[in-house]
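Here is the structure we will look at, set down as structure tokens.
Number of protein chains: 4
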Amino acid sequence: MNLIQPARPAADELRDRFQAVRAHSLALAAPLSAEDQCIQSMPDASPTKWHLAHTTWFFETVLLQPHATGYRVFDAAFAYLFNSYYEALGPRHPRPQRGLLTRPSLEQVHAYRRHVDEAVATLLDGANADTDWETISPTIELGLNHEQQHQELILTDILHALSCNPLLPAYRAAPTPGLRLASLAPAMRWLSRPGGVVEVGHAGAAFSFDNETPRHAALLQPYAIADRLVNAGEYAQFIADGGYQRPELWLSDGWAAVQAQGWRHPPYWLAPDDPRLVHHGATAGWQVFGLHGVRPLESEAPVTHLSFYEAAAYAEWAGARLPTEFEWEAAHDAPGISQMSGHAWQWTRSSYDPYPGFRPLSGVAAEYNGKFMVGQLVLRGSSLATPAGHARPSYRNFFPPAARWQFSGLRLAKDL
Amino acid sequence: MNLIQPARPAADELRDRFQAVRAHSLALAAPLSAEDQCIQSMPDASPTKWHLAHTTWFFETVLLQPHATGYRVFDAAFAYLFNSYYEALGPRHPRPQRGLLTRPSLEQVHAYRRHVDEAVATLLDGANADTDWETISPTIELGLNHEQQHQELILTDILHALSCNPLLPAYRAAPTPGLRLASLAPAMRWLSRPGGVVEVGHAGAAFSFDNETPRHAALLQPYAIADRLVNAGEYAQFIADGGYQRPELWLSDGWAAVQAQGWRHPPYWLAPDDPRLVHHGATAGWQVFGLHGVRPLESEAPVTHLSFYEAAAYAEWAGARLPTEFEWEAAHDAPGISQMSGHAWQWTRSSYDPYPGFRPLSGVAAEYNGKFMVGQLVLRGSSLATPAGHARPSYRNFFPPAARWQFSGLRLAKDL
Amino acid sequence: MNLIQPARPAADELRDRFQAVRAHSLALAAPLSAEDQCIQSMPDASPTKWHLAHTTWFFETVLLQPHATGYRVFDAAFAYLFNSYYEALGPRHPRPQRGLLTRPSLEQVHAYRRHVDEAVATLLDGANADTDWETISPTIELGLNHEQQHQELILTDILHALSCNPLLPAYRAAPTPGLRLASLAPAMRWLSRPGGVVEVGHAGAAFSFDNETPRHAALLQPYAIADRLVNAGEYAQFIADGGYQRPELWLSDGWAAVQAQGWRHPPYWLAPDDPRLVHHGATAGWQVFGLHGVRPLESEAPVTHLSFYEAAAYAEWAGARLPTEFEWEAAHDAPGISQMSGHAWQWTRSSYDPYPGFRPLSGVAAEYNGKFMVGQLVLRGSSLATPAGHARPSYRNFFPPAARWQFSGLRLAKDL
Amino acid sequence: MNLIQPARPAADELRDRFQAVRAHSLALAAPLSAEDQCIQSMPDASPTKWHLAHTTWFFETVLLQPHATGYRVFDAAFAYLFNSYYEALGPRHPRPQRGLLTRPSLEQVHAYRRHVDEAVATLLDGANADTDWETISPTIELGLNHEQQHQELILTDILHALSCNPLLPAYRAAPTPGLRLASLAPAMRWLSRPGGVVEVGHAGAAFSFDNETPRHAALLQPYAIADRLVNAGEYAQFIADGGYQRPELWLSDGWAAVQAQGWRHPPYWLAPDDPRLVHHGATAGWQVFGLHGVRPLESEAPVTHLSFYEAAAYAEWAGARLPTEFEWEAAHDAPGISQMSGHAWQWTRSSYDPYPGFRPLSGVAAEYNGKFMVGQLVLRGSSLATPAGHARPSYRNFFPPAARWQFSGLRLAKDL
Ligand SMILES: [Fe+3]
Ligand SMILES: [Fe+3]
Ligand SMILES: [Fe+3]
Ligand SMILES: [Fe+3]
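Those protein sequence lines, which keep their order, are chains S, A, C and Z.
Numbered per full-length UniProt numbering, the first sequence spans residues 1 to 416.
Numbered per full-length UniProt numbering, the second sequence spans residues 1 to 416.
Numbered per full-length UniProt numbering, the third sequence spans residues 1 to 416.
Numbered per full-length UniProt numbering, the fourth sequence spans residues 1 to 416.
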């Protein structure tokens, strides 16, 4: 008989984390009405309610059904409604129609969350045997990291949805602004970095996604990297200099997007003559729609909501380029570097290819990352919308090059 | 000083009608959650909340702003949000994005309705001069008839929206069914009608839409018309006889729609192997999704939700044809005829062309009907979703030939 | 034994007509290279070569295969390639891909024509029995009228194809222009017409299409009709007066087309700043691309290549309307009326609905007209591209309201 | 005075090469009629005639206009018609409408080629000064390599065009087949390759495209690579094993393409029940449409016309993966390796990203390669359609992952 239970402290910690992460999702949804949480403004985005239910379905499917003895599924129909893209789990509701799911109601989704939360708590209480723990613990970790990814999407998706409303309503009121010092953004500085073999990718026992592994050696040429992100004021100069009218700055697909979509500035920027500003008392200069509503452009803030195409065109205009994902990772702890995380995801000049020796997770989670490894670009760092503690220096975020609804910006690099 | 107020009884009656019609809209929305009332399932359909606001905006725009002294607009932004298609009133929110308007909230729309209702009541109270009355009264009549049209759309649009949910939720529970006698639908009978000159169109002082006028003479050939509508059981025989696989029965555009859209039966019919029936305990035979949810097909009930193409193909299969709108109107009071109104709109073999001498209403209302007179077909009668008292024998409803989300069926005719 | 052969003269005449019509198709194609005759510039248009082959296939299919004993099909694969829309005759090459048929070559299509022409000649030679003649003769008539319809399409389709070439090449050089007198277009005059019952539709033994029958009575209100067509100079005034910027002039679908397609003038008009005019030495004013290439707009010539939407908007702007097809037909021989045929097809305010008692032809030809009787508008008269002798006062041409590649114009009418 | 002319032999050689390459383009077009050479079967493909003119325009634009004194442009309009994608050279004919250019005729394009060929010959004759030679020679080299790329496209594009014709005509008759021994494809063997730093990319003075540079070090892990390409018989086993029905084998975008496009086999394979085989006397088993028409599938021949998605799915099914482009390049001269060039382009698991330190060519040629470096995958080797002498071990071909009209196959690799 094993009187010592070494897993219990870990279980306590995991239970706390579970409760905290799950509560945070609801806190993010709290400023939104049931109507707000129901709609879908484009196929790439999902309703808040759907995120709340889908993350719950993920725990139910990968954790409770296989591992919680006697678990009773909350509603058999939910597997169809809230499966996102797992082919192995059968057919599912078409992604572009997620906004039509007025039923189940938001209240029922809340009840679904409580049902699953209680079952997970019970499972954790009973998981005293080592063998249980070894399967349960990493699955819960995966589920929590999965939910954190959707927490960021809750914010980026609702921002897009609210931006489609001509009233431009705020997600939540801005906090009372403190005294804002007239600050000049410090000039960007180039940090020189040596070439050579570096180790990249995730190592160690802590959680990571499969796409960050295996850790491996990569070979770099000497390069320089900017000490901070490109800011909105600098990006406004690019616009003023005709950046959106000069094909020579753009990749071919990027220029096609500029013309087909009529891009003239980042998606949430509003020119002074925008008719939607009538009711917002805006004065001269760019206004920007964000989670706190319409506010004057902050020149020193990192520019966000860029597509890869725009990031690359800006870099070309600036006589520089984007860093590769390994240059970025190798510079993560460089002296003097700043804004590596918590401000904006940073487009890299690296396509989202598998690492040498990459193997996806087994089981259902095999579909988590690997099957998306074509046609996308890697972003590094994390944004102001990323939950605290979620990202890592080896973290690989990825989006198609035309995606603009994330908090995505850029950091410059150049050859030495 | 005018001691006699001949308009007062009419004003009282109009006030009562106004209150009744306005209340009925809210009653229709009552079974729906705020989420249900917010969504839009296709560009042709609109959210319930939008209907509630748009009909209110109509009164505000054509009645209160021109005629109610000192009227204060509820919200200046609503003109942009809730204008449907009136070019003369400036730009408006794109129709396919009506489902993204989570703001104003349903509560705010309710407040908007109260605000306008009160202003109309005040206007009616003060309208004792004859001159006022002559302009106010027909405008209110128009607004009420407009709102009734949207009442029918509230039902047809929400039915479509709920049909997009794989759970197939009911708009409202069916009333407890009474004893249902095993009834055989009586055989359809042909009623012979003479040819000659008939008067068609609206006459008299009572309200009608402009498209029903002027009343004029039309020349008919002798014909026969069915005494009742085609019912669902008969339509099921058409399907069983390969109706959807035989191009010779279809108009060219209809056959193209059959192939491109994969039509095999009316849109809300569910074949026994439909996966959505898993949770509905359905047995063999066709099931039909309706306002009361999924229920077994009722053979004797008029078939509904047909496109014009399907109605015309059925008639061809039956060795008959559709009546023209004037044949229909001339047979309205024929002895032995039934189901002329209150069951299903009846596709006619008449394109929606202007009547000889037709002139649209003046002002904003000029855009009400006339500009749609191309590419559509006339439907006559009214449906189970039409508000009581709304339709007339001269009433001309119209939809494009592929429209299937209305309660639209058919009555057969043939040459004599 | 029947020594007298009353059909021979008719047979001789039919043989002559057959040869003349068949030769005319080749003459129309003669100015075009094999490349020109191969391409397809939009799904609605067909390559010249396809027209040459399809009209031949029509004779092969409805005449030779059923009636010419021992006829040997030229190439079994052609039934698939050159069937246009006859569902009863099996699957066929997709319409939008007709321009990909480089094989059979133009030479092979010429051989196909010779093969069929010879077989028809042989059939005519042998057709001395009365019974043969009664079936053969109307079928040949139908085939010849069918080919004449395609002769007009050869011209309108190649005009569209050549207009897609930035070089704007002419179909054929203009004849040396004679002395052109400075002529003022005579002012348009209104011709008053009585109401009452008129007979419309085709009567008699001469050929007509099924859609012109049965002849029947129609009831008209008194009206006025213009003595000539609207000309290009008048249409230019409509443009100059903002006709394409004023939604109140347009039907709703028309205004949508104006905005979606960016219509600013008729399709083959070139504004003075059109970059394609660089190589054409054009001076100020509108230029028009036509079968003779780019030439200055002729103010007195009837405006052509209008959609129904544009015709209706012009009429609205002019304070008039389009005539119904029966008003047009009843005015056909009115004293003082001109330009009824041979200039431009004339959009009417009549949807293409079946006549009372209409029955399509039997057999394959049942699909000739009837199945298109929805969503189109009737045009009356004939155009400069219509073969001589093809049209009749009862002739019903029809196109969808957005069609612009025909020689389609308008004549005004108004209520009295 | 420079009596020695060291450039002359090089000039002679270049003149010979110029004539040979230019003649080869015409030879490739020779089996095709003017009609064949005019059409365009999809936006990605171009007409043969367009290729003939565009490659000529390239010489005119980058060589003759800047460097040949007194050169007279053949036709000023051709710059608009035959510019492919060079933004710096102004607007151009829309790519999807290249098939509508019946004018200039094929004969005129031949005259255009002669005009430019003569001017290049004259330029070469006069180019005796060293300075001339240094600019002229690499520009001609670029033009010739450019034309060779289009020679391959002439074949792949016409194959696609002919495949759209239900008659499935052959580009040219197959040579009389020699005695074909019943051969068993030798079993594929794995070649083990070490990891470590390798040099990749182009080095030396010989011609290469800019995207192959700069030569640089890359770091490999140990791996194994197949000694030959996957052949058609092996691919047929993948199909028979349900390869196109098993989502777990596919990348997410690939599976979406399978479903949306209905992919069931490579694009030019014909199943035994394909209706187009009626006239081809085919027997049981797969048939394949190729440049020689319809022929039975050759099991031992490398499979071609795969998309990247299909190549990756096959590799997954085979328990292997695709090689990276550097693994491929490092194995180029490995003992025992075969089919590295001249059979099929080989999809790699490398996105088409810029090499470290990459800079595009200057001038117009800057748009040649660099602007396409996103969203595409690298293919290595060369195909049976690649002109002799065109490719190199460092050559980087690239196409979007869904492209199927090239002779693209795969070679397996795996981790060690
Ligand atoms: Fe997820
Ligand atoms: Fe309305
Ligand atoms: Fe035809
Ligand atoms: Fe090129």
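Note that beta-carbon positions come from the ideal geometry of N, C-alpha and C, so glycine has one too.
Just to confirm before moving on: does the CB-CB distance between residue i and residue j stay below 8 Å?
i: Arg98 (chain A); j: Trp50 (chain A); result: yes
i: Gly126 (chain S); j: Leu63 (chain S); result: no
i: Ile337 (chain Z); j: Leu191 (chain Z); result: yes
i: Asn231 (chain S); j: Pro302 (chain S); result: yes
i: Gly204 (chain S); j: Glu212 (chain S); result: no
Under 7 Å: does the beta carbon of residue i sit that close to some heavy atom of ligand 2?
i: Ser25 (chain A); result: no
i: His93 (chain A); result: no
Any Cβ of chain C within less than 8 Å of the Cβ of residue i?
i: Pro166 (chain Z); result: yes
i: Gly319 (chain A); result: no
i: Asp36 (chain Z); result: yes
i: Lys414 (chain A); result: no
i: Ala218 (chain A); result: yes
i: Gly201 (chain A); result: no
For the beta strand (DSSP E) containing residue i, name the first residue and the last one.
i: Leu191 (chain S); result: Trp190 to Arg193
i: Phe399 (chain A); result: Asn397 to Phe399
Nearest chain A C-beta to residue i closer than 8 Å, yes or no?
i: Ser33 (chain S); result: yes
i: Leu81 (chain S); result: yes
i: residue 447 (chain C); result: Coverage of chain C is limited to positions 1 through 416, which leaves residue 447 (chain C) absent and any answer about it impossible.
i: Pro43 (chain S); result: no
Looking at chain Z, is there any beta carbon in it that lies within less than 8 Å of the beta carbon of residue i?
i: Leu384 (chain C); result: no
i: Leu179 (chain C); result: Note that Leu179 (chain C) scores a pLDDT of 48, beneath 50, so its modelled location is shaky; the value from the coordinates is reported in the next line. So no, Leu179 (chain C) is outside the interface.
i: Val197 (chain S); result: yes
Taking 8 Å as the CB-CB limit, is residue i close to chain S?
i: Gly262 (chain A); result: no
i: Ile337 (chain A); result: no
Cβ of residue i within 7 Å of any heavy atom in ligand 3?
i: His390 (chain C); result: no
i: Ser105 (chain A); result: no
i: His54 (chain C); result: yes
i: His146 (chain C); result: yes
Residue range of the alpha helix (DSSP H) that residue i falls in?
i: Arg114 (chain C); result: Leu106 to Gly126
i: Trp345 (chain A); result: That residue, Trp345 (chain A), is in no alpha helix (DSSP H); its beta strand (DSSP E) goes Ala344 to Ser351.
i: Ile239 (chain A); result: Ala232 to Ala240
i: Ala330 (chain S); result: Glu325 to Ala330
i: Gln259 (chain A); result: Ser252 to Gln261
Is any heavy atom of ligand 4 found at a distance shorter than 7 Å from the C-beta of residue i?
i: Phe58 (chain Z); result: yes
i: Ser84 (chain Z); result: yes
Sorry if obvious, but does the Cβ on residue i come closer than 7 Å to a heavy atom of ligand 1?
i: His150 (chain S); result: yes
Assuming residue i and residue j make a contact with CB atoms under 8 Å, what is their CB distance in whole Å?
i: Ser208 (chain C); j: Leu14 (chain C); result: Between Leu14 (chain C) and Ser208 (chain C) the Cβ distance is about 17 Å, and since that is not below 8 Å, they are no contact.
Does the beta carbon of residue i fall short of 7 Å from some heavy atom of ligand 5?
i: Thr324 (chain Z); result: No copy of ligand 5 occurs in the structure displayed; its ligands are ligand 1, ligand 2, ligand 3 and ligand 4 alone.
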